């Protein structure tokens with residue numbers, strides 16, 4: 001974040017104009033400021049300035065126990081809270097060496113795939129509204145709301161779910177939740193067809209996205225881009241396939257790629273990913289056993305059940321110890337990456353053997369993907385900057401943490 | 402890993418295998434050549450820099466540990482490089498010429514830890530305002546800030 005900004009002018013070059021876009025610009029999806037150097041209406045250089053939403057989450061994590069810090073992870077990427085929960089919990093479980101029961105793993109997969117769908121729906125709606133297609137926004141938020149209701153039914157919260165806990169889940173999912181998922185899974189494919197009817201062959205949509213925001217595969221890798229931004233440039237890198245976690249290797253799905261490397265290609269990738277996620281959700285619904293533990297069995301790490309706490313002395317002691325002091329993973333460091341809707345969400349966690357994480361670092365996909373904005377905008381018109389910001393699918397909460 | 406030792410055995414100070422992850426501890430002056438070797442060697446091609454994360458071990462010395470998470474997409478291989486830096490001299494060579502996305506990662510570590518990356522073209526604060534004092538993720542910086 002910089003309060004002043006200077007751009008060196010090259011002697012002899014035609015005079016350029018510096019224009020400030022944001023932080024209160026509607027197309028910046030929050031508080032992103034982009035300093036544009038223009039020649040006429042052509043963008044010579046776009047320089048994103050970030051930090052307006054910095055809340056020091058990594059520092060706060062160090063002052064909380066491992067379980068308490070889960071609530072902070074919801075707030076990093078507020079459009080995909082469950083993905084963040086999953087990344088954090090997997091890192092902590094790797095640190096402790098904890099095996100999560102299969103049932104909890106499948107439920108985690110199902111819910112994170114629903115998260116991917118909601119996140120892509122928000123992206124689709126806002127990206128379309130940025131480029132002048134109002135109705136898609138209204139439709140996609142309607143469908144998103146149905147999935148948010150599932151979150152609320154399962155975890156008690158629409159957005160800040162904190163439903164995944166170290167070792168498994170916070171609660172047994174309520175009865176009848178799979179029927180609700182079933183209803184969404186049945187209705188959603190038709191709705192996606194609706195969006196595609198509105199956009200895929202829409203001439204304005206094509207004119208605004210095809211050939212705009214070009215990113216070659218080499219540039220994407222050099223800029224550390226991940227997620228649909230990388231796959232839209234033809235690199236089939238998906239962590240769910242390459243480094244499977246949470247039993248993703250048992251699911252049958254395809255990594256969606258497109259080769260053009262423009263905004264339209266990334267649109268195709270994301271829409272295809274919604275359909276692919278639905279496929280995974282359907283498989284997960286079949287796989288989830290109706291009964292079984294939702295949390296690992298690990299005294300001293302996982303809180304005992306209510307009943308155990310009230311009837312056994314060990315249960316009471318563990319309950320008291322876990323909720324007052326926390327648990328202490330062995331010393332060491334881990335890096336756990338998951339495929340969040342935006343790309344590689346990495347959690348670097350270091351333990352010094354105390355009940356509080358010594359250091360937690362989030363490798364936020366939005367933060368890294370935003371770096372490629374400069375490349376995407378170069379030589380394009382101002383109107384394309386809006387398309388380019390939209391296509392990177394950033395969440396400013398995650399960029400600034 | 403073996404390749405790295407064959408290439409230049411002096412470059413590797415220590416190898417840590419833990420929880421399925423490989424960490425190579427490097428002396429500071431070897432970071433840049435090793436990084437360049439790993440990124441360009443055709444049989445390895447660690448062309449993707451995932452992340453740079455610093456850990457402050459205050460009051461121990463050497464105080465800072467800078468961790469580089471590398472990824473070889475074709476081989477599906479991850480590797481962590483670790484460099485330890487003394488508290489009174491947290492300077493390290495920038496890997497920006499090798500991986501352009503190190504730009505913001507290094508600025509973040511400069512901003513929050515005060516690590517100076519030599520050769521970085523634009524080492525300014527990134528998340529905090531330019532006039533901010535101190536580096537908040539250091540362990541001697543109180544969580545509630547200075548009052």
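Protein chains in written order, with the working numbering: chain A, 1 to 401; chain B, 402 to 548.
Positions of the beta carbon are idealized from the N, C-alpha and C atoms, including for glycine.
Predicted, not measured: the structure shown is a model, and the values here were computed from it.
Exercise. What does residue 495 of chain B touch in chain A if you count any residue whose Cβ is under 7 Å from its own?
Worked result: Locating residue 495 of chain B in the second chain gives position 94, counting from the first residue. Residues of chain A passing the Cβ test: none, with the nearest at roughly 15 Å.
Exercise. Quick one: Cα of residue 418 of chain A to Cα of residue 63 of chain A, how far?
Worked result: Since the displayed chain A opens at 1 and closes at 401, residue 418 of chain A lies outside it and no answer follows.
Exercise. Just checking, does the stretch 50-62 of chain A make contact with the stretch 521-533 of chain B on the three C-beta pairs under 8 Å criterion?
Worked result: yes
Problem set entry | Extent of the continuous alpha helix (DSSP H) run through residue 319 of chain A | Locating residue 319 of chain A in the first chain gives position 319, counting from the first residue. Unbroken alpha helix (DSSP H) run through residue 319 of chain A: 313-324.
Exercise. So what does residue 21 of chain A bridge to, in DSSP terms?
Worked result: As a position in the first chain, residue 21 of chain A is number 21, starting the count at 1. According to DSSP, which records beta bridges pairwise, residue 21 of chain A is partnered with A/34.
Exercise. Nearest chain B C-beta to residue 2 of chain A closer than 8 Å, yes or no?
Worked result: The sequence position of residue 2 of chain A within the first chain is 2, counting from 1. Reliability of the predicted coordinates at residue 2 of chain A is poor, the pLDDT of 47 falling under 50, and the value obtained from them is presented with this limitation in mind. Output row for residue 2 of chain A: interface = yes.
For this session: Could you tell me the distance, in whole angstroms, from the CA atom of residue 267 of chain A to the CA atom of residue 83 of chain A?
Result: On the first chain, position 267 is the one that residue 267 of chain A refers to. On the first chain, position 83 is the one that residue 83 of chain A refers to. Spanning the two alpha carbons is a distance of roughly 21 Å.
Exercise. Interface residues of chain A around residue 422 of chain B at Cβ under 7 Å?
Worked result: Taking the first residue of the second chain as 1, we reach residue 422 of chain B at position 21. Simply 334, 335.
Exercise. Residue range of the alpha helix (DSSP H) that residue 137 of chain A falls in?
Worked result: By one-based count along the first chain, residue 137 of chain A stands at place 137. Residues 134-155.
For this session: Measure the alpha-carbon distance for residue 3 of chain A versus residue 512 of chain B and round it to whole angstroms.
Result: For the purposes of this step, residue 3 of chain A is taken as residue 3 along the first chain, with counting starting at 1. For the purposes of this step, residue 512 of chain B is taken as residue 111 along the second chain, with counting starting at 1. Unreliable positioning characterises residue 3 of chain A in this predicted model, as indicated by a pLDDT of 48, which lies under 50. The coordinate reading is nonetheless provided below. Their backbone Cα atoms lie some 15 Å apart in a straight line.
For this session: Could you check what DSSP says for residue 3 of chain A in three-state terms: helix, strand or coil?
Result: The sequence position of residue 3 of chain A within the first chain is 3, counting from 1. In this prediction, residue 3 of chain A has a pLDDT of 48, which is less than 50 and means its spatial position is unreliable; what the coordinates show is noted afterwards. In the structure shown, residue 3 of chain A sits in coil (DSSP, three-state: anything other than H, G, I, E or B).
Exercise. Cβ of residue 329 of chain A within 8 Å of Cβ of residue 351 of chain A?
Worked result: Stepping through the first chain from its first residue, residue 329 of chain A is reached at position 329. Stepping through the first chain from its first residue, residue 351 of chain A is reached at position 351. Yes, the pair counts as a contact, with Cβ atoms nearer than the cut-off.
Exercise. Curious, which full-length alpha helix (DSSP H) runs of at least 4 residues does the stretch 43-72 of chain A contain?
Worked result: 57-62
Problem set entry | Per-residue contacts from residue 346 of chain A into chain B (C-beta, under 7 Å) | In the first chain, counting from the first residue as 1, residue 346 of chain A sits at position 346. Chain B residues near residue 346 of chain A: 451, 452, 470.
For this session: May I ask which residues mark the beginning and end of the alpha helix (DSSP H) holding residue 369 of chain A?
Result: In the first chain, residue 369 of chain A corresponds to position 369, counting from 1. First-last of the alpha helix (DSSP H) with residue 369 of chain A: 365-370.
Problem set entry | C-beta contact flag for residue 320 of chain A and residue 301 of chain A at 8 Å | One-based indexing of the first chain puts residue 320 of chain A at position 320. One-based indexing of the first chain puts residue 301 of chain A at position 301. Taking 8 Å as the Cβ cut-off, residue 320 of chain A and residue 301 of chain A do not qualify as a contacting pair.
Exercise. Taking 8 Å as the CB-CB limit, is residue 388 of chain A close to chain B?
Worked result: For the purposes of this step, residue 388 of chain A is taken as residue 388 along the first chain, with counting starting at 1. Chain B contact via Cβ: absent.
For this session: Determine the contact status of residue 423 of chain B and residue 413 of chain B, defining contact as a CB-CB distance below 8 Å.
Result: One-based indexing of the second chain puts residue 423 of chain B at position 22. One-based indexing of the second chain puts residue 413 of chain B at position 12. Against a cut-off of 8 Å, the Cβ pair of residue 413 of chain B and residue 423 of chain B comes out as no contact.
For this session: Give the interface partners of residue 242 of chain A over in chain B, defined as CB-CB distance under 7 Å, in chain order.
Result: Position 242 of the first chain holds residue 242 of chain A. By Cβ distance, chain B contributes 477.
Exercise. According to DSSP, is residue 285 of chain A helix, strand or coil?
Worked result: Position 285 of the first chain, counted from the first residue, corresponds to residue 285 of chain A. Here residue 285 of chain A sits in helix by DSSP.
Problem set entry | Option nearest residue 161 of chain A by Cα separation, candidates A/201, A/70, A/195, A/140 | For this step, residue 161 of chain A is matched to residue 161 along the first chain. Residue 161 of chain A has its Cα closest to that of A/70, out of A/201, A/70, A/195, A/140.
For this session: Kindly indicate which three-state DSSP category residue 245 of chain A falls into: helix, strand or coil?
Result: Counted from its first residue, the first chain places residue 245 of chain A at position 245. It is coil, neither helix nor strand.
Exercise. Anyone know if the C-beta pair for residue 277 of chain A and residue 116 of chain A falls short of 8 Å?
Worked result: Indexing the first chain from 1 puts residue 277 of chain A at position 277. Indexing the first chain from 1 puts residue 116 of chain A at position 116. A contact, by the Cβ cut-off of 8 Å.
Exercise. How many Å lie between residue 518 of chain B and residue 538 of chain B at the Cα?
Worked result: Reading the second chain from its first residue, position 117 is the one you call residue 518 of chain B. Reading the second chain from its first residue, position 137 is the one you call residue 538 of chain B. Approximately 17 Å between the Cα atoms of the pair.
Problem set entry | CA-to-CA distance, residue 299 of chain A to residue 370 of chain A, given in whole angstroms | In the first chain, residue 370 of chain A corresponds to position 370, counting from 1. In the first chain, residue 299 of chain A corresponds to position 299, counting from 1. Using only the alpha carbons, I get a separation of about 43 Å.
For this session: Just confirm the distance between the C-beta atoms of residue 164 of chain A and residue 89 of chain A, as a whole number of angstroms; I'd bet it's less than 8 Å.
Result: In the first chain, residue 164 of chain A corresponds to position 164, counting from 1. In the first chain, residue 89 of chain A corresponds to position 89, counting from 1. Their Cβ separation, rounded to whole angstroms, is 5 Å, which keeps residue 164 of chain A and residue 89 of chain A in contact under 8 Å.
Exercise. Hey, how far is the Cα of residue 475 of chain B from the Cα of residue 222 of chain A?
Worked result: In the second chain, counting from the first residue as 1, residue 475 of chain B sits at position 74. In the first chain, counting from the first residue as 1, residue 222 of chain A sits at position 222. The straight-line gap from Cα to Cα measures roughly 14 Å.
Exercise. In chain E, which residues lie with their C-beta within 7 Å of the C-beta of residue 371 of chain A?
Worked result: Absent here is chain E; the protein component of the structure consists of chains A and B.
Exercise. Secondary structure at residue 359 of chain A, three-state DSSP: helix, strand or coil?
Worked result: Counting from one through the first chain, the residue named residue 359 of chain A turns up at place 359. Three-state DSSP puts residue 359 of chain A in a strand.
Problem set entry | Cβ neighbour criterion (16 or more within 10 Å) applied to residue 500 of chain B | Within the second chain, the letter at position 99 stands for residue 500 of chain B. Residue 500 of chain B should be labelled buried.
Problem set entry | Near-chain B residues of the stretch 37-60 of chain A (beta-carbon distance less than 8 Å), N- to C-terminal order | 50, 51, 54, 56, 58, 59, 60
Problem set entry | Closer than 7 Å: residue 130 of chain A CB and nearest the ligand NAP heavy atom | As for the ligand NAP, it is missing from this structure, which has no ligand bound.
Problem set entry | Residue-chain proximity (residue 456 of chain B, chain A), Cβ-Cβ < 8 Å | The sequence position of residue 456 of chain B within the second chain is 55, counting from 1. Yes, its Cβ sits closer than 8 Å to a Cβ of chain A.
Problem set entry | Closer than 7 Å at the beta carbon, the chain A residues around residue 448 of chain B | Start at 1 with the first residue of the second chain, and residue 448 of chain B comes out as number 47. Going along chain A in sequence order, the residues near residue 448 of chain B (Cβ under 7 Å) are 221.
Problem set entry | Extent of the continuous alpha helix (DSSP H) run through residue 400 of chain A | Taking the first chain and counting its residues from 1, one reaches residue 400 of chain A at position 400. It spans 396-400 - the alpha helix (DSSP H) in which residue 400 of chain A sits, taken as one unbroken run.
For this session: Out of A/341, A/96, A/23, state which residue places its alpha-carbon closest to the alpha-carbon of residue 355 of chain A.
Result: Translated into positions along the first chain, residue 355 of chain A becomes position 355. Ranking A/341, A/96, A/23 by Cα distance to residue 355 of chain A puts A/96 first.
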